[in-house]
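Data first, discussion second: the structure below is written as structure tokens.
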Amino acid sequence: MVAQLLFFLLAIVAIAAALGMLIARNPVNSALWLVLNLFCIAGLYLTLNAQFIGIIQILVYAGAIMVLFLFVIMLLNLAELPRREDIDWKRGAAFILGMGVLAQLVYIVAMSFDVLPHPPAAQEAVATGSAQVLARALFTEYALPFEVIGLLLLVATIGAVMLAKRRFV
Amino acid sequence: MEITLNWYLSLSAVLFVIGVLGVLMRRNAIVILMSVELMLNAVNLTLVALSQAMGDVAGQILVFFVMAVAAAEAAIGLAIIIALFRKKVTVDVNEFHLFKY
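Which chain is which? The protein sequence lines are Y and G, in order. Just add 1328 to the spot in the first sequence (first one is 1) and you have our numbering. Just add 5 to the spot in the second sequence (first one is 1) and you have our numbering.
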């Protein structure tokens, strides 16, 4: 009973925060709504017994990526964009396209109702989500992708410094 | 009522679509990048839910890589936005048409 309640609470707050991000006019408010959403998703990872991913989610997303976003918003001193006067038909088209994507995804989930595996016992789930099991897989079977992703982060760092340099564009 | 995998997948679909709507409807380039992060998160939720349901760690390893790519994408994307802001003094994507002519 507690698990169901927790799931629905986190899910509703996550969706509300995502909608808040979509609707908020000030980019700082958008970023803060997204932080709330990321915390809710971390909570959902914990309800799935994936503790390590949940902690990493808070550390990396809420702690590093969103701080970078807020830093850039404040560095550029962004206010709200001015409202458009003319009617924007692109928004209506975008909404219809988005609903089309939602319909397709819901159709797929509904079709898979009987195919999906049943959730395992909590004991097994806790074992799968633990840092020990994840680290063993990451440093043995997935060692090469792990090194490559380190290289990717290095390249991204150099690229970010180059792009943000004065008089690059 | 038991919380099955379908609930997580449905929630993930809804969050993904909100991210799609953010990319398509907003004009602020930084909010568009944040919507991309939201979409990546929705996919991460799917991966973790399926990984836990199947008792296989591969899905969660993939989530690590997605997070690293998301961090790289945020750094590069924000650097591009700073460079564009220096040129045009706005982040309205309708104002950018550098490839047009």
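A virtual CB, placed ideally from N, CA and C, is assigned to each residue, including glycine.
message: By the 8 Å beta-carbon criterion, what residues does the region 36-66 of chain G contribute toward chain Y?
response: V36, L38, M39, S40, E42, L43, N46, N49, L50, V53, A54, S56, Q57, A58, M59, G60, D61, V62, A63, Q65 and I66
Partner residues on chain Y for F70 (chain G), Cβ-Cβ distance less than 8 Å: The residue labelled residue 70 (chain G) in the question sits at position 65 within the second sequence. Ordered by position in chain Y, the residues that pass the 8 Å Cβ test against F70 (chain G) are P1473 and I1477.
message: Does the CB of T1456 (chain Y) have a neighbour CB from chain G at under 8 Å?
response: Within the first sequence, residue 1456 (chain Y) is the residue found at index 128, counting from 1. It does; some Cβ of chain G falls within 8 Å.
- prompt: Among Y:L1403, Y:L1347 and Y:Y1435, which one has its Cα closest to the Cα of T95 (chain G)?
  reply: On the second sequence, residue 95 (chain G) is found 90 positions in, with the first residue counted as 1. T95 (chain G) has its Cα closest to that of Y:L1403, out of Y:L1403, Y:L1347 and Y:Y1435.
field: Own chain, CB closer than 6 Å to M44 (chain G), minus 5 neighbours either side, in chain order
entry: If you number the second sequence from 1, residue 44 (chain G) lands on position 39. Closer than 6 Å at the Cβ level, and outside the excluded window around M44 (chain G), lie F21 and G24.
task: Kindly indicate which residue of Y:I1486, Y:L1372, Y:M1427 and Y:L1337 has the alpha-carbon position closest to the one of V19 (chain G).
output: As a working mapping, residue 19 (chain G) is identified with position 14 in the second sequence. Of the candidates Y:I1486, Y:L1372, Y:M1427 and Y:L1337, the one whose C-alpha sits nearest the C-alpha of V19 (chain G) is Y:M1427.
- prompt: Does the distance from the CB of M1329 (chain Y) to the CB of L1362 (chain Y) come in under 8 Å?
  reply: One-based indexing of the first sequence puts residue 1329 (chain Y) at position 1. One-based indexing of the first sequence puts residue 1362 (chain Y) at position 34. No, these two residues do not count as a Cβ contact at 8 Å.
- request: Reducing DSSP to helix, strand and coil, say where N99 (chain G) ends up.
  value: Taking the first residue of the second sequence as position 1, residue 99 (chain G) is located at position 94. Looking at N99 (chain G) - three-state DSSP - the assignment turns out to be helix.
- prompt: Does the count of Cβ pairs from the region 1366-1373 of chain Y and the region 43-58 of chain G closer than 8 Å reach three?
  reply: yes
- request: Take E100 (chain G) and list the residues in its own chain whose beta-carbon comes closer than 7 Å to its own, dropping the five residues that flank it on each side.
  value: The residue given as residue 100 (chain G) occupies position 95 in the second sequence. Correct list, in chain order: K93.
- request: Taking R1411 (chain Y) as the reference, give the member of G:R32, G:I66 and G:E78 with the closest Cα.
  value: Residue numbering aside, residue 1411 (chain Y) sits at position 83 when the first sequence is read from its first letter. Of the candidates G:R32, G:I66 and G:E78, the one whose C-alpha sits nearest the C-alpha of R1411 (chain Y) is G:R32.
query: Along the region 11-34 of chain G, what residues have a CB closer than 8 Å to any CB found in chain Y?
result: N11, W12, Y13, L14, S15, L16, A18, V19, L20, F21, V22, I23, G24, V25, L26, G27, L29, M30, R31, R32 and N33
task: Could you work out which residues of chain Y lie near F101 (chain G), taking near to mean beta carbons separated by less than 7 Å?
output: Within the second sequence, residue 101 (chain G) is the residue found at index 96, counting from 1. Neighbours of F101 (chain G) on chain Y: none; closest Cβ ~11 Å, over 7 Å.
message: I'd like to know if F90 (chain G) contacts chain Y, where contact means its C-beta is closer than 8 Å to some C-beta of that chain.
response: One-based indexing of the second sequence puts residue 90 (chain G) at position 85. Output row for F90 (chain G): interface = yes.
query: Helix or strand or just coil, what does DSSP make of N1405 (chain Y)?
result: Translated into the one-based positions of the first sequence, residue 1405 (chain Y) becomes position 77. Coil, per DSSP.
- request: Determine which residues share a DSSP beta bridge with N33 (chain G) and list them.
  value: Start at 1 with the first residue of the second sequence, and residue 33 (chain G) comes out as number 28. BP columns for N33 (chain G) point to G:D97.
- prompt: Using the beta-carbon of each residue, which ones in chain G are nearer than 8 Å to N1357 (chain Y)?
  reply: If you number the first sequence from 1, residue 1357 (chain Y) lands on position 29. Correct list: empty, because the minimum Cβ distance to chain G is about 10 Å.
task: Tell me, please, whether the region 1477-1496 of chain Y touches the region 80-94 of chain G by the rule of three or more beta-carbon pairs shorter than 8 Å.
output: yes
message: I'd like to know whether the C-beta atoms of V36 (chain G) and S1358 (chain Y) end up nearer to each other than 8 Å.
response: Translated into the one-based positions of the second sequence, residue 36 (chain G) becomes position 31. Translated into the one-based positions of the first sequence, residue 1358 (chain Y) becomes position 30. A contact, by the Cβ cut-off of 8 Å.
- prompt: Straight-line CA distance for V1461 (chain Y) to D1416 (chain Y)?
  reply: On the first sequence, residue 1461 (chain Y) is found 133 positions in, with the first residue counted as 1. On the first sequence, residue 1416 (chain Y) is found 88 positions in, with the first residue counted as 1. Their Cα atoms are separated by approximately 51 Å.
query: Using DSSP with H/G/I as helix, E/B as strand and the rest coil, what is N1365 (chain Y)?
result: Counting from one through the first sequence, the residue named residue 1365 (chain Y) turns up at place 37. Helix at N1365 (chain Y).
- prompt: So what's K92 (chain G) in DSSP terms, helix, strand or just coil?
  reply: What you label residue 92 (chain G) is simply residue 87 of the second sequence in a count that begins at 1. Residue state, collapsed to three classes: helix.
field: Boundaries (first-last residue) of the alpha helix (DSSP H) holding M1329 (chain Y)
entry: Start at 1 with the first residue of the first sequence, and residue 1329 (chain Y) comes out as number 1. That residue, M1329 (chain Y), is in no alpha helix (DSSP H); it is neither H nor E in DSSP.
task: Tell me whether Y1435 (chain Y) sits in a helix, a strand or coil according to DSSP, three-state version.
output: Within the first sequence, the letter at position 107 stands for residue 1435 (chain Y). Y1435 (chain Y) falls in the helix class under three-state DSSP.
query: Just checking, does the region 1334-1344 of chain Y make contact with the region 8-16 of chain G on the three C-beta pairs under 8 Å criterion?
result: yes
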